[in-house]
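Below: one structure, written as structure tokens.
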Ligand code: GCB
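Here it is as structure tokens:
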């Protein structure tokens with residue numbers, strides 16, 4: 002089988018290759034791949050692919066970012082013919098906008114043209130780049146042209162950091178696959194399909210919301226559409242390091258544990274892991290399945306453990322005969338002991354804040370490192386050591402920056418509110434998004450908690466769905482904690498959490514809106530929290546809306562004073578909870594939401610930010626900082 006595979010690779014016969022993978026590799030990646038079939042268009046079929054490349058930025062690659070021409074297509078005229086049949090599933094496979102057709106002479110009419118059409122900066126949502134698209138939900142086609150010089154014996158992958166929500170991808174007029182899910186990476190192998198010279202990639206992105214998607218129809222954030230993260234053409238050797246986990250063993254600061262996964266014809270190989278600065282060198286041998294377990298004892302004195310105070314990253318090299326990769330990895334442990342939360346064995350308080358992947362100043366999705374640094378630096382200005390990256394996977398770059406800046410991370414999937422709990426395909430989608438998140442970030446020291454969802458209402462079907470997600474995430478990564486933002490229940494003045502899901506996760510983590518959605522500043526102090534779980538208590542949300550610059554007395558809703566007093570009241574209520582080990586108030590900055598129409602106070606913004614949409618810090622920002630300064634002293 003192996004030698005056959007090699008031959009196929011060289012000859013670039015992708016359909017046979019896809020079939021070979023289907024037999025050999027178990028891999029994440031919900032993307033649908035269209036095998037090339039002698040140049041003829043093939044119907045979309047599901048084939049197992051090699052795992053989505055881990056550590057994509059560590060690969061030889063060409064960034065395909067920049068200006069992409071685009072065509073807005075509300076009726077999907079470029080996808081369906083007039084009988085509403087997809088062009089890419091017709092006998093010829095052609096007819097859609099992905100043909101990028103130009104009239105051959107003056108006698109021919111073609112009703113679209115990428116040449117001369119406007120451009121979007123990619124990565125970037127379309128809503129923030131064209132006022133007419135501010136609320137657009139539907140299809141936009143985007144085209145990029147690039148030059149390539151594919152080499153024999155190398156494999157090539159078109160990799161997308163994220164496209165919201167459904168993407169159909171075409172290379173040089175042929176479909177390479179499709180993908181659903183707005184916040185996780187996906188790739189298509191294009192070995193044998195790349196041209197030597199100019200290539201054209203065309204993406205149909207559709208951000209239409211559906212009840213049976215993840216997230217579902219109803220959310221409290223802007224539905225930014227488009228190619229919102231980097232697009233890369235990555236090159237790998239024939240047999241390459243597909244995935245690995247190099248982390249401290251659960252609760253053991255003296256041992257690195259994990260695995261290495263090779264993919265390709267020569268998958269059984271020696272693989273050497275070196276961390277020169279820590280004096281680590283170990284060799285493992287991958288089996289017939291390309292996998293080897295890794296377990297390396299450490300000399301304690303040599304290791305500087307990663308923490309917010311000392312975010313030390315080591316250069317780790319993973320080298321096989323056919324491939325070699327570098328990564329920057331931090332080493333730390335995270336555990337619970339009763340109600341205590343232990344980072345590197347030491348009790349820690351999570352001084353956090355929630356945030357969306359949105360730059361309020363544009364407003365639009367974070368476009369790159371500058372935007373990301375701004376957001377994380379704002380959190381640091383408040384003396385945070387932790388962020389909740391709500392409510393969906395943020396970018397890989399963001400997590401890497403958190404690693405570098407020393408900020409602990411709660412990472413989440415968009416299992417939010419009223420998901421279609423009963424449908425197996427909806428579960429499969431959620432589980433895939435969770436898998437893709439863990440696969441991407443499993444080596445990032447900053448990530449300490451995988452969150453499987455937010456404010457999901459208790460019911461039998463939901464409990465089964467969420468319980469399975471909790472089990473899934475534990476099989477993917479044993480070293481981190483599992484959380485979910487649960488809801489509270491009120492019995493008179495007593496606030497409790499009664500949720501069977503709490504038994505399946507590692508934290509008593511919940512959202513509560515005392516003083517805002519229930520009660521008010523005057524009356525909220527009558528409440529008390531009774532949390533009956535022997536787990537660290539983490540408040541995943543509380544908050545109040547305040548229009549930046551609106552000053553009034555602290556009973557007046559929407560004023561900065563109201564928000565400020567609510568925070569002070571919250572600290573008193575929450576400090577009375579035994580086992581309180583952290584919080585991520587809602588939210589760092591004001592953010593756009595279609596659910597917030599009040600013409601004066603909201604204007605389609607959720608105003609719970611501690612920083613306004615112009616970047617001005619509200620009163621409560623400083624109150625929050627003072628509280629965290631004090632917590633820092635307490636946990637020194
Ligand atoms: C919540 C949600 C969050 C909302 C927030 C609010 O409970 O988790 O997504 O934006 O409340 O402002 O109502």
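Numbering (my numbering), first residue to last: 2 to 637.
Beta carbons are placed, not taken as given, at the ideal position from N, Cα and C, and that holds for glycine.
Just so it is clear, the structure is predicted and the values come from calculations on it, not from any experiment.
Within the segment 484–554, the complete beta strand (DSSP E) segments of 3 residues or longer fall at 490–492, 495–497, 509–512, 529–531 and 538–542, listed in chain order.
Residue 287 places its beta carbon less than 7 Å from that of residue 293. Rounded to whole angstroms, the gap between the alpha carbons of residue 330 and residue 314 is 5 Å. Annotation for residue 110: 104 place their beta carbon closer than 7 Å to its own, counting only its chain and skipping 5 residues before and after.
Residues lining the ligand GCB by the Cβ criterion, that is a Cβ closer than 6 Å to any of its heavy atoms, are 221, 392, 455, 456, 512, 542, 587, 607 and 609 in chain order. In the structure shown, residue 270 falls within a coil segment according to DSSP collapsed to helix, strand and coil. In the three-state reduction of the DSSP assignment, residue 83 falls in the coil class, being assigned neither a helical nor a strand state. Residue 468: member of the alpha helix (DSSP H) spanning 461–477, first to last residue. Each residue's CA atom was taken as its position, placing residue 71 and residue 154 some 34 Å apart. Within the segment 119–163, complete alpha helix (DSSP H) segments of at least 4 residues are not found at all. Going by C-alpha positions, residue 342 is about 57 Å away from residue 95. If you check the CB distance, residue 316 and residue 254 do not come in under 7 Å.
For residue 417, the beta-bridge partners assigned by DSSP are 455. In this chain, the alpha helix (DSSP H) harbouring residue 371 covers 370–382. With contacts defined as CB atoms closer than 7 Å, residue 140 and residue 213 fail to qualify as a contacting pair. Residues 307, 312, 314, 329, 331, 445, 446 and 447 of the same chain have their beta carbon placed closer than 8 Å to that of residue 404, with the five preceding and five following residues left out of the count.
Across the structure, residue 429 and residue 523 are spaced so that their CA atoms are roughly 46 Å apart. Rounded to the nearest angstrom, the Cβ distance from residue 457 to residue 498 is 13 Å, too far for a contact under 8 Å.
Secondary structure of residue 174 (DSSP, three-state): coil. Put simply, the segment 51–62 touches the segment 231–243. At least three CB pairs are less than 8 Å apart.
Its Cα nearest to that of residue 421, the residue 431 stands out among 414, 413, 431 and 58.
Residue 611 sits in coil when the DSSP states are folded into three classes, being neither helix nor strand.
Fewer than three beta-carbon pairs drawn from the segment 367–376 and the segment 196–213 are found closer than 8 Å, and the two stretches are therefore not classed as touching. Annotated three-state conformation of residue 112 is coil, per DSSP. Here residue 318 carries a strand assignment [DSSP, helix/strand/coil]. Distance from the CA atom of residue 588 to the CA atom of residue 137, rounded to whole angstroms, is 25 Å. In this structure, 259 is the residue among 227, 542, 493 and 259 with its C-alpha nearest to the C-alpha of residue 249. Per DSSP, the beta-bridge partners of residue 327 are 318.
Nearest in C-alpha terms to residue 616, of all of 339, 401 and 592, is 592. Taken atom to atom, the span from the alpha-carbon of residue 310 to that of residue 198 is near 49 Å.
Of the candidates 112, 625, 299 and 58, 299 places its Cα closest to the Cα of residue 277.
Distance from residue 487 to residue 500 at the Cβ level is roughly 5 Å; contact confirmed, criterion being Cβ atoms closer than 8 Å. Residue 441 counts as buried, since at least 16 other C-beta atoms from the protein chains shown sit within 10 angstroms of its C-beta. Exclusion of the five residues before and after residue 595 leaves 136, 223, 224 and 605 as the residues of its chain whose Cβ lies within less than 8 Å of its Cβ.
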